[in-house]
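Asker: For the sequence shown, counting from 1, position 178 maps to 198 in the numbering used here; every step adds exactly one.
Glycine included, each C-beta is placed from N, C-alpha and C at the ideal position.
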Amino acid sequence: MNEPKSIREAGLLQEAASAPVFLNLHELIAKARQNLAQNDWDYVVGGVESETTLRRNRHALDCVALRPRVLRDVSRIDATTSAFGRRLRLPILLAPVGSLESLHPDAASPVAQAAAAFGVAHMLSSACKPTLEGLAQAAADALRTFQLYVRGDAAWVDDHVDRAAAHGYAAFCLTVDTAHYSRRERDIAKRYLTAGRRLAAGRDFQAALDWTTVARIKRQSRLPLIIKGIATAEDARIALDHGVDWIYVSNHGGRQLDHGRGAYEVLPEIVEALAGRAKVIIDGAFCRGTDIVKAVAAGADLVGLGRLQCFALAADGAAGVARMLELIEDEIERCMALLGVARLADLDRSYLHRAEAVNAPHILSAFPLLRIEDYRY
Numbered sequence: 021m022n023e024p025k026s027i028r029e030a031g032l033l034q035e036a037a038s039a040p041v042f043l044n045l046h047e048l049i050a051k052a053r054q055n056l057a058q059n060d061w062d063y064v065v066g067g068v069e070s071e072t073t074l075r076r077n078r079h080a081l082d083c084v085a086l087r088p089r090v091l092r093d094v095s096r097i098d099a100t101t102s103a104f105g106r107r108l109r110l111p112i113l114l115a116p117v118g119s120l121e122s123l124h125p126d127a128a129s130p131v132a133q134a135a136a137a138f139g140v141a142h143m144l145s146s147a148c149k150p151t152l153e154g155l156a157q158a159a160a161d162a163l164r165t166f167q168l169y170v171r172g173d174a175a176w177v178d179d180h181v182d183r184a185a186a187h188g189y190a191a192f193c194l195t196v197d198t199a200h201y202s203r204r205e206r207d208i209a210k211r212y213l214t215a216g217r218r219l220a221a222g223r224d225f226q227a228a229l230d231w232t233t234v235a236r237i238k239r240q241s242r243l244p245l246i247i248k249g250i251a252t253a254e255d256a257r258i259a260l261d262h263g264v265d266w267i268y269v270s271n272h273g274g275r276q277l278d279h280g281r282g283a284y285e286v287l288p289e290i291v292e293a294l295a296g297r298a299k300v301i302i303d304g305a306f307c308r309g310t311d312i313v314k315a316v317a318a319g320a321d322l323v324g325l326g327r328l329q330c331f332a333l334a335a336d337g338a339a340g341v342a343r344m345l346e347l348i349e350d351e352i353e354r355c356m357a358l359l360g361v362a363r364l365a366d367l368d369r370s371y372l373h374r375a376e377a378v379n380a381p382h383i384l385s386a387f388p389l390l391r392i393e394d395y396r397y
């Protein structure tokens, strides 16, 4: 089992000795809560309306137990994988998150820099700074992918695809689950209705989006195409008919449609529908190493980390994100070893079992050492 690299070795701090030492993931969350104003904290942890979908994301993961095998050689653990023509240290994508500038002055740049230093994939949201050109300059060596919210006509979309290709992005992602902005009642109740998050110009274009845009992008670009926001086998099959390369299973972290299914609950029907004809990314409450192992065993190729990325960034910038990845790696490798699995590629559904959840699901239920009442959850 590989020992985690130190923060100093990652080269992300000039004075590593002065950096905080985070020994568990929950310590990063505690530091993030200390650093964030209430409005920004609520933006990270909140969901839509009753937050039922948000809770179901966690509940779906907690309703799966692991089936360990013993007396297997697990002296060497290989948690690496390949995606977009690159070898990755872990099957992780640092998911697209809008408005990261409210968590860190450099927004997505330190996240992408940490991804490059550690060796995982990154996806830039078009609703986050810097521009795709700016991130290409800030994190040239990162495995960068770009996600677009449609705010313009066909020429506007095609321009973004061309710019992504010209600046070394490995794939282009179209988000399709935001036809309308949802009712984020944590913000509404406080009258925290920021223009950037709710009133962005051009939303009518997203509402009018249909499969013709997908077909046009596939005709005009050689970049691998990712469709983010797929939640049914029916739409996964239509995506296959349009030549989509990656299906991104997501309900926007429980921030769009209320009373949806948990993302992990959706995963098996998507994998079955695809039958190996497209790759799969999933996000939605994944925040522990065991979560990622469950996803890969169920057929996912990459797992997106959204809120956990936010906590790490708010806690300690690029160094916090790098440390989060170190801790996740340690959890994944220990989980694999105790399951009797030496290679990530050997995981399959035989290691999974349906079970009853132990904890009531909420945004921090994967971290029982946190005193939830202290976080004004």
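Since L114 and A135 are thought to touch, with beta carbons under 8 Å apart, how far apart are those beta carbons, to the nearest angstrom?
Answerer: 5 Å
Asker: How many whole angstroms separate the CB atoms of A386 and R109, which I take to be in contact at a CB cut-off of 8 Å?
Answerer: Incorrect: roughly 22 Å between the Cβ atoms, too far for contact.
Asker: I need the DSSP call for F387, collapsed to helix, strand or coil.
Answerer: coil
Asker: Could you check what DSSP says for K248 in three-state terms: helix, strand or coil?
Answerer: Correct three-state label for K248: strand.
Asker: Considering only residues of the same chain and omitting the five flanking positions on each side of A482, which have a CB-CB separation below 7 Å?
Answerer: Beyond the ends of the chain as shown, which are 21 and 397, falls residue 482; an answer cannot be given.
Asker: If I follow the unbroken alpha helix (DSSP H) through T100, where does it start and stop?
Answerer: Premise fails: T100 is in no alpha helix (DSSP H) and is neither H nor E.
Asker: Tell me which residues share the same chain as G249 and place their Cβ nearer than 6 Å to its Cβ, disregarding the 5 neighbours each side in the sequence.
Answerer: T195, V196, D197 and S270
Asker: Just how far apart, CA to CA, sit E285 and A251?
Answerer: 10 Å
Asker: Would the stretch 143-158 and the stretch 73-89 be scored as touching if the rule is three or more Cβ pairs under 8 Å?
Answerer: Per the Cβ contact rule, the stretch 143-158 is not in contact with the stretch 73-89 (fewer than 3 Cβ pairs under 8 Å).
Asker: Since Y371 and L359 are thought to touch, with beta carbons under 8 Å apart, how far apart are those beta carbons, to the nearest angstrom?
Answerer: Separation of the CB atoms of Y371 and L359 is rounded to 6 Å, and the pair is thereby assigned contact status at 8 Å.
Asker: On the three-state DSSP scale, how would you describe R204?
Answerer: Coil at R204, not helix or strand.
Asker: Buried or exposed: which applies to E71, given that a residue is buried once 16 or more other Cβ atoms fall within 10 Å of its Cβ?
Answerer: buried
Asker: On the criterion of 16 or more Cβ atoms from any shown chain inside 10 Å, does P125 qualify as buried, or is it exposed?
Answerer: exposed
Asker: For the stretch 174-183 and the stretch 197-210, state whether three or more C-beta atom pairs, one from each stretch, are separated by less than 8 Å.
Answerer: no
Asker: Among the candidates A318, Y169, V361 and L325, whose CA atom is the shortest distance from the CA of A227?
Answerer: Y169
Asker: Since R106 and L163 should fall inside the 8 Å C-beta cutoff, what is the C-beta to C-beta distance between them, to a whole number of angstroms?
Answerer: 5 Å
Asker: Which same chain residues, not among the five before or five after R75, have their C-beta less than 7 Å away from its C-beta?
Answerer: So the qualifying residues of the chain are P381 and H382.
Asker: DSSP has L325 in a bridge; who is on the other side?
Answerer: L114
Asker: Please name the residue in V316, L245 and H262 whose C-alpha comes closest to that of A235.
Answerer: H262
Asker: Output needed for A256: all residues of its chain with C-beta closer than 7 Å, excluding positions within five of it in sequence on either side, in chain order.
Answerer: Correct list, in chain order: I250, I267, I290, A293 and L294.
Asker: Less than 8 Å between the CB atoms is what I'm expecting for A283 and I301, so what's the real figure, rounded?
Answerer: Actually they do not touch by this definition, with Cβ atoms about 10 Å apart.
Asker: Less than 8 Å between the C-beta atoms of A152 and L333, yes or no?
Answerer: Note that residue 152 is Leu in the sequence shown here, rather than Ala. Contact flag unset, no.
Asker: CA-CA distance, L364 and L345?
Answerer: 17 Å
Asker: Please state the DSSP three-state secondary structure of C193.
Answerer: strand
Asker: Report yes if the C-beta distance between D265 and I246 is below 8 Å; otherwise report no.
Answerer: yes
Asker: Can you check the stretch 42-96 for any alpha helix (DSSP H) of at least 4 residues that lies completely inside it and give the ranges in chain order?
Answerer: 45-55, 58-65 and 72-82
Asker: Given this structure, state the Cα-to-Cα distance separating I258 from D230, to the nearest angstrom.
Answerer: 11 Å
Asker: According to DSSP, is H124 part of a helix, a strand, or is it coil?
Answerer: Looking at H124 - three-state DSSP - the assignment turns out to be coil, as it is neither helix nor strand.
Asker: With burial defined as no fewer than 16 other Cβ atoms inside 10 Å of the residue's Cβ, what is the status of D376: buried or exposed?
Answerer: Checking the displayed sequence, the identity of residue 376 turns out to be Glu instead of Asp. The residue in question, E376, is exposed, as its Cβ has fewer than 16 Cβ neighbours within 10 Å.
Asker: What are the complete beta strand (DSSP E) segments, minimum 3 residues, inside the stretch 262-304?
Answerer: Taking only runs of at least 3 residues, the beta strand (DSSP E) segments lying wholly in the stretch 262-304 are 266-269 and 299-302.
Asker: What does the Cβ neighbour count give for T232, buried or exposed, with the cut at 16 atoms within 10 Å?
Answerer: With fewer than 16 other Cβ atoms within 10 Å, it is exposed.
Asker: Among all the DSSP beta bridges, which residues are the ones paired with M143?
Answerer: T165
Asker: Which same chain residues, not among the five before or five after G326, have their C-beta less than 6 Å away from its C-beta?
Answerer: Exclusion of the five residues before and after G326 leaves A115, V117, G273 and D303 as the residues of its chain whose Cβ lies within less than 6 Å of its Cβ.
Asker: Kindly indicate which three-state DSSP category H373 falls into: helix, strand or coil?
Answerer: Looking at H373 - three-state DSSP - the assignment turns out to be strand.
Asker: Give every residue of the same chain whose Cβ lies closer than 6 Å to the Cβ of T310, excluding the five residues on either side of it in the sequence, and list them in chain order.
Answerer: Taken in chain order, the residues that qualify are C355.
Asker: Can you list, in chain order, the residues of its chain whose CB lies under 7 Å from that of D60, leaving out five sequence neighbours each side?
Answerer: S122 and L123
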